[in-house]
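Protein sequence lines, in the order shown, are assigned to chains Z, B, C, G and A. Each residue of the first sequence is one higher than the last, beginning at 36 in the numbering used here. Each residue of the second sequence is one higher than the last, beginning at 816 in the numbering used here. Each residue of the third sequence is one higher than the last, beginning at 65 in the numbering used here. Each residue of the fourth sequence is one higher than the last, beginning at -13 in the numbering used here. Each residue of the fifth sequence is one higher than the last, beginning at 255 in the numbering used here. Even for Gly, the Cβ is constructed at its ideal location relative to N, Cα and C. Structure first, commentary second.
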Amino acid sequence: MPVNYYIFLSAALFCIGIIGVLTRRNAIIVFMCIELMLNAVNLLLVAFSKMHHLKAIAADAASNVGSEAQLFVFFIMVVAAAEVSVGLAIIVMMYRNIHSVDINFLNRLKH
Amino acid sequence: MGITEILFWFLTILALTGALMVVFSKNPVHSVLWLIAVFFAISGHYILMNAQFLAIVNLIVYAGAIMVLFLFVIMLMNLTTDTEPQKNRWLKMAGAVAGGCLLLVLVAALRDTDMKYQLAQVKEGNIGLIHYLGKTLFNDYVLPFEISSVLFLSAMVGAVVIGKKGD
Amino acid sequence: MGAIILSAVWGVVMMYSGILFKNKATPKYIATAGVMLLLVTNWLEYAGLPIFNVDTKGMLEFNSFGLVFNTVIFICTLFYFLLSGPDMEDVGDHVAEYFALIFFVLCGIAIVSSFKTLLMLFLGIEILSIPLYILAGSDKRNLKSNEASLKYFLMGAFSTGLMLMGIAFLYGATGTFYTEAMNLGFGKLNSMMSIGIVLLMISMAFKVSAAPFHFWTPDVYDGSPTVFTSFMATIVKAAAFIGFIRLFENAFGKMHEQWQLLMAVIAAATLVIGNLTAVFQQSVKRMLAYSSIAQAGFMVLSIFALNSVAKEGLVLYAAAYSIATIGIFAVLIKMKDYSFEGFNGLAKHQPLLALLNTIFLLSLAGIPLTAGFFAKYYMLLAAIKNGHMFWLVIVAVLCAAVSVYYYFRVIQAMYFKEGNDPGLKVSETFKTMLVLAAVIIILLGIHPDWLLTWLYN
Amino acid sequence: MSKLVYLVPLFPLIGFLINGLGRKTLSKSLVGMIGSGTVLASFILSLLIFFEVKAPGFTAQTISLFEFIKTKTFDIPFAFQVDQLSVLFLLIITGVGFLIHVYSISYMHDEEAPHFARYFAYLNLFVFSMLLLVLGSNYVIMFIGWEGVGLCSYLLIGYWFKNNDYNNAAKKAFVMNRIGDLGFLLAVFWMINQFGSVTFSDVFAKAPTTSTAVLTGITLLLFVGATGKSAQIPLYTWLPDAMAGPTPVSALIHAATMVTGGVYMIARSHVLYSLAPVSMEVVAIVGLATALLAATIALYQNDIKKVLAYSTVSQLGFMFLALGVGAFTSGVFHVMTHAFFKALLFLGAGSVIHAMGGEQDITKMGGLSKKIRITFLTFLIGVLAISGFPFSSGFISKDEILLAAYHHNKLYFWLGTIGAIMTAVYMFRLLFLTFFGSFRGTHEQEHHLHESPPAMTMPLIVLAVLSVVGGLVQLPHAFGGHAYFNEFLAPAVKVEEHTDPNLALKEYYILGGTIVGLLIIYLATRKFFAVDKFNGEYSGFKKILANKWYVDEIYDAIINKPLRALSVFLNIVVERSGIDRIVNGVGRLVNYSGRQLRLLQSGQVGAYILLMVVATLVFFIIQLFWKSV
Amino acid sequence: MFAAFDNFPALLIWLPLVTGIICFFLKTEAAAKKWSLLSSVLTLGVVGASLYFSGEKYSLLNQVSYIWLKGINSSFALILDGMSKMLCLLTALAFPVIFTATWKHQYKRANVFYGLMLLSQCGLLGVFMAADALVFYFFWELALIPVYFLASQWGGERRIQATFKFFIYTFIGSLLMLVGILYLYLNASGESFSLASFYNSRANPADQKWLFWLFFIAFAIKMPIFPFHTWQPDAYEQSPTAVTMVLSGVMVKMGVYAVIRWLLPLFPEAVHKFDNIVIGLSVVGMIYASCIAMVQDDLKRLVAYSSIAHIGLMCAAIFANNQSGMQGVMIQMFNHGINIIGLWIIVELIERKLGTRKISELGGIANFAPALSILLVIVALANLALPLTNAFIGEFLMFNGLYQFNVWYAVVAGLSIILAAVYTLNMVKNVFYGSGNSLTAGIRDISLNEKIILSVIVVLIFAAGVFPKPFLDLTQDTTNMILNRIIDK
């Protein structure tokens, strides 16, 4: 499978995520879109890992080139999980205070 | 076109539509569900690339844990009804345009790289299998593994500090 | 290594101290002790007798540069604890947890100052950021604080996304996460690497709050409890810079010319925007937020130039800037009124504080005989030595002149305007620490070599 | 003896210091003694030096005191030069100076002590600077004296500083002198860069080998200086105003000595001038023009001192005419005789004013001849001398000048003669209006009238004698005289000999012409001017003359007002709302842009992230596409 | 780096520095005054001694060089050559005079005031002796900062804006200079800041073109030269007179000195290239400032503008680049300092006695305070360079130099002599002559110490005016050195 496909796919997902971040104003949705971006990255990493693996085994069948990328993905998931816990906590706190999750509702700080 | 291709394209389309629906569906709950669909699609891709461990983790962690968490929060705030006030149309437009341009630029830049003829190995290749990954993880990657625990600790403390009621 | 482990452990200790000791004051002392311990271990490691010997599989390296930098950071933290530690009690009743979070941040800093693979950089940055999201929002009932933490969190997460995308592309292009391994590539960048570099540049620029990715800074610094603003604006920013320069030197050093232009653009934009916007501020706190952007602009010059002078300069700059800013914030925290008028006539009622504050401000403005001068001096020297894009130097110089304008507004308020007594309550330790900080500023201003010689042994 | 020449200026300087510092403590009489005593001392010394110099075989000497300005490129010593010319001036200055000091003692008697002392301090200082002027062995020392006398005249004109008109007069004098001085200074620079020195001997030695153009330039610039100092066109207007000062001052500074500085300077540098014919011509023309212009103005002045002032200007004009036509000695000679009779006239006028209790308007006088006998007689002598009564000093000196002019250019001669005639006319008018007819003043003035004390009349008599006999040292051959004066000066100043076969004949013509002319003028003026019922109003052409051709007004209109306007313009428009506005504008611009950039911080996360994305986009484009092309 | 006290330059730095710092801790006003006076007199003594120990065989006594920053190879180097000595003398002379002249003046928190004064003296002395670019820059700023605080703490109504304008203006200049210094440092042989290595490694003409302006703008602002001068009248007007004296008497000379010591030798080609521009500016500035001075009503502003005119002449003469002009500037730096301080003292006296500086409100002071008036007239005449006063020597030489460079510059500049006479005499007339008014009738004549100080100044004026030889000899060596560097390029 040409790696370009994966590149474009994840690029597309990534950009969709960005668009989501830019166009929605519900904090949770925005956050979800960010998660989407992360997943795009994961997909890309895995694709690359398989690509490099393919290149590597041509030289040496036993090499485990590429595993580092997959582990990186694993760590990304770990971090994402932690981030989510914190992020949701923050959103909840904010909801407690203003009963809204509208990101633009809070703009006391400006200029 | 073999089964792989068919699966690939199916999953791809599923992922993209899902992603788009996440962005455009009015009701947050729907967004969550669509996002889960996207995750499934991506996990499908992982499996296609024989990265079973990641596929499973992705399902468990993301689709399972994280998304459920999201769902809880949304329910808790009962945002189910579409109450999101419309954002300034121009800003929205600009956002969409900007994202589109970004994609355009990326594609334009990546269209003809030496990657064009590179292949990503599918169906076989065993680095994605759990016992290989496990070895590497606990031999070479033990340090980051430990360090990520600090991350969780801080996240936990943070959740406590912020979430704790009172004061 | 010692610093990483110890700070992590001490974070846990702090958590429990919160549970064990009900007395609000206790954690402060434990924390102070912890930082001192950190200093000691770090020092031992610098001296060549590390406590922990961990095989990092080449993911971390502890060279004198990183260690000296850590020392600077820890010293700043010590000052920060002793000056502003007591004021955390006014934020909320999770004092112990705050300290714990700060220690986790320190752990992240220690990682960032010694990473050799992008994975470690990523983890370090995250460990360094996530606690900050919390600290920013730690004043829960205060909407500004909420807003700050939300903004910080959302944008931080977004920039993390960008960073990861960058890393992914770099991996795709080079097939490795190790910075040295990437650096082997000479010659023309292919587009994937360019994308990767640009994305990493952006995310790091975001972390150091360099324009045009600085937008979070004023709001977050303004909204967060001032105690933590002080921490974020100084120590964390400095740490982000060490990560920045490590990354770009080790990983992309050889393609220097090919991304230099963007760095110049960032530097110029940061200098101009930071300084000009600071001019019109009415609240000192917010002015300091913008000034931190402006100062970041100067530090970016070091990454733009990327030569030995630049690295020395960065360490010096980090020290000078952090200590001075911590000092100013420490005084600011004591004030009721954060507006410039609040400072009116301070010299009459608190001559010592006013004097020390003046020294700090002069240092930030880069007046000779203060550390700030040599900091700027090194940055300019590095930029000139770099050879091309001389216009950047002129921009920097003019911006430095503009910066005088808003720093001196405070001095003018303190000395030349009449005002009534703000009625500050300052302890003796506070004063002594502040004096000590000022002394350090002056000494570094007279003889920076006392710090810089440690970089070479 | 000439080695001690530095004592000559030193005495007055000491006098100045003593009187200046002790003005509070010293008594008036003491002050007067010191003031005049010091001058007397230097007069005696000058006499001694004079006899030494007069002795045959004397060569000019240079007494250098110390290094003044010395750089690698040039060297200006502080040195004096003693030769016939300087000694002559020494005598005039100290001699006349002494008399006037004595005169002043009683003229100024009712000033209170400190001001009295101040007055004498100034006078001494003046004598000192004047001596520097004539003694200096190079142009810079001369310039020091040159500006010094200017300063003293400024101080003395403004002596009664309560009165702002006087202050303005003083200021005007100083500024106009400054204009001249600038010319002088530039000439000095030119000389330094041309000859590498400003010492007379070096300069004159190198002069012949220098291009005429350069010499012309230098001499003309020097002459600019002279016009300022010696009140020639166009810078003469300060002198009449200078009459604001006490009368003795007018006598000493503005008649006898300072104003002749220019003549001295040109006589001193006759070597340069005689090599620059153009300058000579200019000098002559300017001199002649001044002589005529001033004379016409003098015709219709009513202030006794103003009349004398304009006559001074006119006489100076004659001197320059003489210099211009190459008769340097005649010019200098006229300086001497003029010093005698003009000082006499001024002091006489002073005595009159003194008698009239400060009144200066001659239309308010008349018939004083019986009241103040001595003054009248001496004044009469003065008038006769200046209007050239045969064999009086004035006659001889003028006669020489006119003859010289005649040989140079007939036209000059005739114009000069007209000038001389006018001189006689206005002097007689003055005489009649003052001393003849009936008294036109108020009654208390009439009662107050009295002869001045001997301290004032003595100098009058001395000067009167000098005015009569002073000329005889130069009595023409035709009248069995001999040019002792020229002989004396010959080593220092070039004497031009015109070999004219029927010189004697011309002399007789002139003599006859003078006698007849004076007679006519006497009767005519008596008829025209001695009208008792005269109201101070003139009309028509007379009015223009009475208003001095409106020169002051013209200067005011074309120089003062524009300059002032310019200054105001610069101050308000260029400085305040120009440069300074720009400077502050930069600051304001910074402020403004700050205020605008601030608005980027809209406070909305969405906007922030959007901006970030856009920036990212730009970065990508720069990095990926722009740089590759 | 801490220089021992075994030679003059070190002594001249440490003495005012240490005494100044001590002064901050003095309690009473009287103590502060006495202490600072003592210190300044000591400094004067040291300078006097250094004047005696001139010449080759004492060269060690007249220089310092201690390694300061190994890392960037800059050393704490000072030298005292003729020009430095001349200016140090001026500085050392100015401060006691200022202290005594303003003795009666009451300052709140006097200890701070005098402490800062001494610090600024230290900075000034440092600038005049620095033989290392970085040290030079340090002192350049060190002299500025205390003056800023002095002016905006103890100044007049609009002091904050005025002095801040002054500060930021000069600060921009010095930053540009810093850039220039850094560039030269990188090109200097062996990356050193020492004056010698700067001299030896001359930038190529192309670089000189812009480096010249980086430096020149800094110095031009300090002097100040015509378009950069607008900070000056405000600053002078608003500062307390003691500070104004420092500013105009000594600090202005920093710019002139710096041009001679740093600009000319470093960028000869550029100097030859731009000399017409600079001289043109200066000459225009002279006329311009003189004209404006004629219509000023505030004594301080009047003196300020006249000072601008004089400085313009100095700058022009420097760039004329010849023996005469250079010598003239050297000696004039000293003389102008003396004269203008004298003028300020008198202005200060008038303001303190009558509470106003408005010329229009004054008049007839000579009737009531003759001593004051006489002294003023003398100083005023010195200010317009009458022969036998000190200024004449300098201006004579400078005009001569200008004349050698180009006749017409000299002619135009010469007009300023006349204008100077006009505004100075106007001032004298309107302030001191005339019959006086109710305000001035109340004035008391000057007291003894004021009299003494002014007499000192008057004596100096005449001493330097009648017998300038010592001054000329003192600066001969520097003049030759600079000129050789420019000619032999």
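- Under the criterion of beta carbons closer than 8 Å, C/Ala464 and C/Lys440 qualify as touching, at roughly 6 Å.
- The three-state secondary structure of B/Tyr956, taken from DSSP, is coil.
- Here the alpha carbon of G/Gly498 sits roughly 20 Å from the alpha carbon of G/Tyr398.
- Judged by beta-carbon spacing, G/Tyr412 lies beyond the 9 Å limit of G/Lys492, meaning their Cβ atoms are not closer than that value.
- Taking 8 Å as the upper bound for CB-CB distance, A/Ile326 and A/Ile595 are not in contact here, some 38 Å apart.
- In this structure, the straight-line span from the alpha carbon of C/Leu417 to that of C/Ser467 is close to 22 Å.
- Using beta-carbon distances, G/Ser588 counts as an interface residue toward chain Z, with a partner under 9 Å.
- Closer than 8 Å at the C-beta level to chain G, one finds these residues of the segment 535 to 552 of chain A: Tyr542, Cys545, Ile546, Met548, Val549 and Gln550.
- Here the segment 859 to 867 of chain B makes contact with the segment 943 to 952 of chain B; the two share three or more CB pairs at distances below 8 Å.
- Each residue's CA atom was taken as its position, placing G/Ala601 and G/Tyr578 some 24 Å apart.
- Scanning the segment 167 to 232 of chain G from its first residue to its last, the whole alpha helix (DSSP H) runs of 4-plus residues come out as 186 to 192, 198 to 215 and 224 to 227.
- Under the DSSP assignment, A/Tyr320 falls in the beta strand (DSSP E) whose first and last residues are Gln317 to Leu323.
- Interface annotation for the segment 480 to 506 of chain A against chain G: Pro481 and Thr484, criterion Cβ-Cβ distance under 7 Å.
- Between the segment 136 to 154 of chain G and the segment 220 to 236 of chain G, the count of Cβ pairs shorter than 8 Å is three or higher; the stretches touch.
- For Z/Glu118, the secondary structure class from DSSP, reduced to helix, strand or coil, is helix.
- In the DSSP assignment, C/Phe316 falls outside any alpha helix (DSSP H), carrying neither H nor E.
- For A/Ser328, the enclosing beta strand (DSSP E) starts and ends at Ser328 to Ile333.
- It is roughly 16 Å from the alpha-carbon of C/Ala221 to the alpha-carbon of B/Ser969.
- For the segment 908 to 922 of chain B, the residues whose beta carbon sits under 8 Å from a beta carbon of chain G are, in order, Ala909, Gly910, Ala913, Gly914, Cys916, Leu917, Val920 and Leu921.
- In this structure, the CA atom of A/Phe573 is about 8 Å from the CA atom of A/Asn530.
- At a cut-off of 9 Å, the C-beta of Z/Leu141 has no neighbouring C-beta in chain B.
- Per DSSP, A/Gln586 lies in no beta strand (DSSP E); the unbroken alpha helix (DSSP H) holding it starts and ends at Gln577 to Leu608.
- Neighbours of G/Ile55 across chain C, judged by C-beta separation under 7 Å, do not exist; the nearest C-beta is about 41 Å away.
- In the structure shown, C/Gly112 adopts coil according to DSSP, grouped into three states.
- Around the beta carbon of G/Phe332, 16 or more other beta carbons sit within 10 angstroms, so the residue counts as buried.
- Within the segment 293 to 306 of chain A, no residue places its CB atom closer than 7 Å to a CB of chain G.
- In the structure shown, C/Thr181 adopts extended strand secondary structure according to DSSP, grouped into three states.
- The DSSP-derived three-state label of A/Gly410 is coil.
- Straight through space, the alpha carbons of C/Leu228 and C/Tyr285 are spaced by roughly 25 Å.
- Residues of chain G whose Cβ lies closer than 8 Å to the Cβ of C/Lys215 are, in chain order, Val591 and Tyr594.
- A/Ser329 sits close to A/Phe447, with the two beta carbons spaced by under 9 Å.
- Residue contact with chain Z for C/Glu244: absent (no Cβ-Cβ distance below 9 Å to any residue of chain Z).
- A distance of 9 Å or more separates the beta carbons of Z/Ile138 and C/Leu196.
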